[in-house]
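Q: Structure below; questions to follow.
Numbering (the numbering used here), first residue to last: 92 to 167.
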């Protein structure tokens with residue numbers, strides 16, 4: 092085989108490996124964030140208390156559902 096064919100095969104294999112690695116890393120991170128959200132109810136409650144608001148459970152539930160809806164919209 093000619094040298095240029097080997098070089099072309101190496102370049103194609105590297106590009107395919109990079110694309111597959113990106114895809115699988117992205118899938119892993121999306122699954123991880125879905126299972127372990129970065130903000131939970133306790134964190135939200137503490138942030139609201141630091142801002143001087145008295146958090147009611149209704150307000151916390153509304154904010155959590157809004158954040159979950161926004162996250163699900165971004166994943167699609």
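The C-beta atom is built at its ideal place from N, Cα and C for all residues, glycine as well.
A quick note: this is a predicted structure, and the numbers were derived from the prediction, not measured.
For the candidate residues 112, 155, 143, whose alpha-carbon lies nearest to that of residue 129?
A: The option with the nearest alpha carbon to residue 129 is 155.
Q: Could you give the DSSP three-state label for residue 143: helix, strand or coil?
A: Correct three-state label for residue 143: coil.
Q: Hey, could you find the ends of the alpha helix (DSSP H) residue 120 is sitting in?
A: Element bounds for residue 120: 94–126.
Q: Considering only C-alpha positions, which residue in the set 142, 141, 131 is nearest to residue 158?
A: Ranking 142, 141, 131 by Cα distance to residue 158 puts 131 first.
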